[in-house]
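Below is one structure, written out as structure tokens; the observations come after it.
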């Protein structure tokens with residue numbers, strides 16, 4: 028048979044791999060990573076994806092999972108057991124909050140949310156059984172920027188692990204492990220894959236010991252990613268750097284436009300000089316500020332509906348980070364599970380709209396947004 032040298036990795040769409048004999052089986056266990064047995068344990072496509080993301084984040088290794096949510100689950104369960112305590116930033120993705128508060132508490136893991144004003148002073152929140160702190164590089168949906176190096180100093184002082192959700196920033200902007208984080212995770216569904224056609228997650232660890240624990244959780248709980256989704260995400264990852272540059276430049280142009288529009292009451296985007304963490308975001312993000320922004324029109328449901336109906340090509344889609352621009356409504360989707368008091372405290376009101384800026388021509392996007400705002 029002729030030798031085949033494909034330029035890209037083929038799709039290994041198989042649930043199981045075969046062995047020649049018992050010697051080959053023993054070799055599999057003696058030299059992990061040299062061979063494959065079962066796709067739940069590992070597959071060339073998902074391994075390629077994990078290795079490429081690990082290179083970008085600069086870790087000891089990565090583990091890909093079936094979604095961003097299962098990545099958070101794997102990271103927490105790798106460190107925590109029943110009776111342990113977790114800290115979480117108050118401004119966090121609603122799905123992360125639901126996982127911690129509604130599910131992990133059921134298996135005996137305690138959770139405390141740290142208000143933004145206390146992010147870097149954790150003394151009064153840590154306990155002897157506190158194991159980790161979960162926070163986001165940029166918060167969803169109001170784009171507060173975390174000083175990762177400063178928080179890492181504090182978590183080290185408290186002897187707890189720091190887990191950073193880097194989905195909004197990506198390693199093109201920020202590498203949390205280099206700033207002192209112990210683990211970094213992503214919803215690969217978003218920018219890393221980039222085309223709104225994959226559901227996947229990843230955890231990258233600084234230490235080999237943590238990596239082995241995450242691998243064990245992924246295998247034992249069955250949180251693995253399918254080969255085809257691994258292949259698709261690895262394909263998307265190849266254009267990440269190019270896409271992020273365009274996402275960022277488009278988002279800045281749109282944020283500047285929205286900021287001066289009379290129907291827009293507030294814009295949250297780290298690239299604006301008025302943003303409270305603008306300088307931090309500039310330094311931590313290599314002078315790029317991401318493709319996500321939020322803005323508020325008047326707090327009126329009908330005004331929001333008229334705006335959405337006025338958009339001709341930009342869809343209302345409760346996800347983010349695809350090559351096409353989309354809008355989302357945090358109050359009714361990502362932060363729906365929070366109490367009205369929590370929503371109000373975070374500033375997520377009726378008129379807040381989240382915009383995931385794509386890589387289209389910015390002028391066309393601005394024209395469409397302008398027409399929709401005329402309906403408000």
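In our numbering, the protein residues as written are 28 to 403.
Built from N, CA and C at the ideal position, the CB exists for glycine as well.
Nothing here was measured: the structure is a model prediction, and the numbers come from that model.
To the nearest angstrom, report how far apart residue i and residue j are at their CA atoms.
{"i": "residue 257", "j": "residue 222", "result": "13 Å"}
{"i": "residue 228", "j": "residue 37", "result": "21 Å"}
{"i": "residue 101", "j": "residue 190", "result": "11 Å"}
{"i": "residue 297", "j": "residue 379", "result": "16 Å"}
{"i": "residue 95", "j": "residue 212", "result": "8 Å"}
{"i": "residue 281", "j": "residue 133", "result": "43 Å"}
{"i": "residue 364", "j": "residue 168", "result": "14 Å"}
{"i": "residue 273", "j": "residue 108", "result": "42 Å"}
{"i": "residue 241", "j": "residue 105", "result": "5 Å"}
{"i": "residue 326", "j": "residue 293", "result": "12 Å"}
{"i": "residue 97", "j": "residue 53", "result": "31 Å"}
{"i": "residue 341", "j": "residue 351", "result": "8 Å"}
{"i": "residue 336", "j": "residue 399", "result": "8 Å"}
{"i": "residue 184", "j": "residue 177", "result": "11 Å"}
{"i": "residue 395", "j": "residue 151", "result": "48 Å"}
{"i": "residue 246", "j": "residue 329", "result": "47 Å"}
{"i": "residue 73", "j": "residue 214", "result": "15 Å"}
{"i": "residue 405", "j": "residue 126", "result": "Lying before the first or after the last residue shown, residue 405 is absent from the chain, which here runs from 28 to 403."}
{"i": "residue 66", "j": "residue 85", "result": "25 Å"}
{"i": "residue 388", "j": "residue 397", "result": "15 Å"}
{"i": "residue 80", "j": "residue 182", "result": "25 Å"}
{"i": "residue 366", "j": "residue 145", "result": "21 Å"}
{"i": "residue 91", "j": "residue 284", "result": "38 Å"}
{"i": "residue 332", "j": "residue 35", "result": "45 Å"}
{"i": "residue 193", "j": "residue 305", "result": "18 Å"}
{"i": "residue 375", "j": "residue 286", "result": "18 Å"}
{"i": "residue 58", "j": "residue 51", "result": "10 Å"}
{"i": "residue 259", "j": "residue 44", "result": "21 Å"}
Under the assumption that residue i contacts residue j (Cβ atoms under 8 Å), give the Cβ distance between them as a whole number of angstroms.
{"i": "residue 166", "j": "residue 119", "result": "7 Å"}
{"i": "residue 405", "j": "residue 161", "result": "The structure shown does not extend to residue 405, since the chain is modelled only from 28 through 403, so no value can be given for it."}
{"i": "residue 355", "j": "residue 383", "result": "7 Å"}
{"i": "residue 210", "j": "residue 237", "result": "6 Å"}
{"i": "residue 252", "j": "residue 93", "result": "5 Å"}
{"i": "residue 234", "j": "residue 87", "result": "6 Å"}
Grab the span of the alpha helix (DSSP H) containing residue i for me, first residue to last.
{"i": "residue 182", "result": "175-184"}
{"i": "residue 230", "result": "Not the alpha helix (DSSP H): residue 230 falls in the beta strand (DSSP E), residues 228-232."}
{"i": "residue 80", "result": "71-84"}
{"i": "residue 5", "result": "Residue 5 falls outside the range modelled here, since the chain spans only 28 to 403, and no answer is possible."}
{"i": "residue 54", "result": "49-57"}
On the DSSP letters alone, give me the boundaries of the beta strand (DSSP E) that residue i sits inside.
{"i": "residue 293", "result": "293-295"}
{"i": "residue 199", "result": "Not the beta strand (DSSP E): residue 199 falls in the alpha helix (DSSP H), residues 197-200."}
{"i": "residue 322", "result": "319-323"}
{"i": "residue 34", "result": "It is not in any beta strand (DSSP E) - residue 34 carries neither H nor E in the DSSP assignment."}
{"i": "residue 309", "result": "That residue, residue 309, is in no beta strand (DSSP E); its alpha helix (DSSP H) goes 305-311."}
{"i": "residue 204", "result": "Neither: residue 204 is in no beta strand (DSSP E) and is coded neither H nor E."}
Kindly list the residues whose CB is nearer than 7 Å to the CB of residue i, restricted to its own chain and excluding five residues on each side of it in sequence; keep chain order.
{"i": "residue 110", "result": "135 and 156"}
{"i": "residue 40", "result": "254 and 255"}
{"i": "residue 68", "result": "246"}
Only counting the same chain, and skipping five residues up and downstream in sequence, which positions put a Cβ closer than 6 Å to that of residue i?
{"i": "residue 263", "result": "220, 221 and 222"}
{"i": "residue 153", "result": "185"}
{"i": "residue 311", "result": "201"}
{"i": "residue 243", "result": "none"}
{"i": "residue 55", "result": "62 and 64"}
{"i": "residue 139", "result": "114 and 152"}
Please confirm whether any heavy atom of the ligand MN lies closer than 7 Å to the CB of residue i.
{"i": "residue 383", "result": "Of the ligands one can find in the structure shown there are none, so the ligand MN has no counterpart to examine."}
Verify the CB distance criterion: does residue i have a CB-CB separation below 8 Å to chain D?
{"i": "residue 382", "result": "In the structure shown, chain D does not exist; there is a single protein chain."}
In chain order, what residues of the same chain have a beta carbon less than 8 Å from the beta carbon of residue i, not counting five sequence neighbours either side?
{"i": "residue 170", "result": "195, 295, 296, 297, 302, 317, 319, 320 and 321"}
{"i": "residue 206", "result": "175, 176, 179 and 311"}
{"i": "residue 334", "result": "324, 380, 399, 400, 402 and 403"}
Length-filtered (3 minimum) beta strand (DSSP E) runs lying within the stretch 235-282: none
In chain order, each alpha helix (DSSP H) run of at least 4 residues that lies wholly inside the stretch 102-175: 121-125
Continuous beta strand (DSSP E) assignments of at least 3 residues falling wholly in the stretch 335-390: 353-355 and 379-383
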